[in-house]
Ligand SMILES: C[S@@+](CC[C@H](N)C(=O)[O-])C[C@H]1O[C@@H](n2cnc3c(N)ncnc32)[C@H](O)[C@@H]1O
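Written out as structure tokens, the structure reads:
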């Protein structure tokens with residue numbers, strides 16, 4: 186795919202600026218957060234290791250029981266600081282998910298990436314990075330802006346966020362690209378839904394997500410694209 190990539194500092198800067206109020210301003214977007222909460226309730230119990238990728242201020246996983254180990258990664262330092270404040274027992278690090286996930290963090294039973302792959306420039310690479318740290322039988326929940334020719338604003342591979350004012354873009358991936366990346370890395374789809382994700386003000390439209398739950402079927406060995 187041919188496009189200019191985001192300046193990651195700009196993405197981080199935008200989220201640094203809203204870290205303290207992020208929870209408040211996203212409260213109306215219940216659909217986007219309800220399904221990940223259901224997933225966490227169904228899949229997390231005592232002793233599990235949970236990775237919250239693109240964790241924002243950590244609100245999705247901060248109130249999990251203390252006998253659950255939570256690690257959160259985000260590109261925004263202010264988001265990571267907020268997440269740490271909310272759950273001092275957790276481990277929170279600044280990290281770009283396009284890079285390999287730190288091996289020293291070990292493997293995870295449960296991984297969530299809610300609303301953060303909007304900024305994913307290479308879905309296969311990022312899914313490969315996740316697969317490397319997902320334990321055998323572990324579950325991965327993620328959302329991805331889904332490329333659909335029939336939907337307004339979803340017929341392009343990326344759009345300018347905030348009408349171009351932010352100078353960053355959000356990216357769209359088709360169902361088949363997503364399914365193929367999952368297959369490459371031994372991740373078996375368990376659930377899939379195509380449904381509204383969030384409301385964009387500029388351009389004014391509903392952004393639709395593919396909501397995925399997948400399970401790791403790969404026991405060992407690195408799979409490359
Ligand atoms: C829409 S917020 C979602 C936050 C949270 N997961 C939620 O569901 O509310 C997107 C988050 O992804 C983070 N993010 C964007 N690009 C990223 C990247 N390349 N690596 C890691 N985090 C990233 C942003 O800093 C922001 O905190």
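Numbering (our numbering), first residue to last: 186 to 410.
Just so you know, even glycine gets a beta-carbon here, dropped at the ideal spot from N, CA and C.
It should be emphasised that the depicted structure is a prediction, and the values quoted were computed from it without experimental measurement.
The beta carbon of residue 200 lies closer than 8 Å to those of 207, 241, 259, 260, 261, 263, 264 in the same chain, with the five residues before and after it left out.
Within the same chain, Cβ atoms closer than 6 Å to the Cβ of residue 290 are found at 256, the five residues on either side in sequence being excluded. Collapsing the DSSP output to three states places residue 196 in a helix.
Residue 223 and residue 308 have their C-alpha atoms roughly 24 Å apart. Residue 265 carries a helical assignment under DSSP once its states are collapsed to helix, strand and coil. For residue 264, the shortest C-beta to heavy atom distance toward ligand 1 is below 6 Å.
With a cutoff of 7 Å on beta-carbon distance, residue 221 and residue 297 are scored as near each other.
Following the DSSP letters along the chain, one finds residue 327 inside the beta strand (DSSP E) bounded by residues 319-330.
By the criterion of a C-beta distance shorter than 7 Å, residue 332 is surrounded in its chain by 339, 342, 357, 358, 359, once the five residues flanking it on both sides are discounted. Counting the other Cβ atoms within 10 Å of the Cβ of residue 267 gives 16 or more, which makes it buried. About 4 Å separates the Cβ atoms of residue 396 and residue 378, confirming a contact at the 8 Å cut-off. Taking every protein chain shown into account, the CB of residue 280 has 16 or more other CB atoms within 10 angstroms, so this residue is buried.
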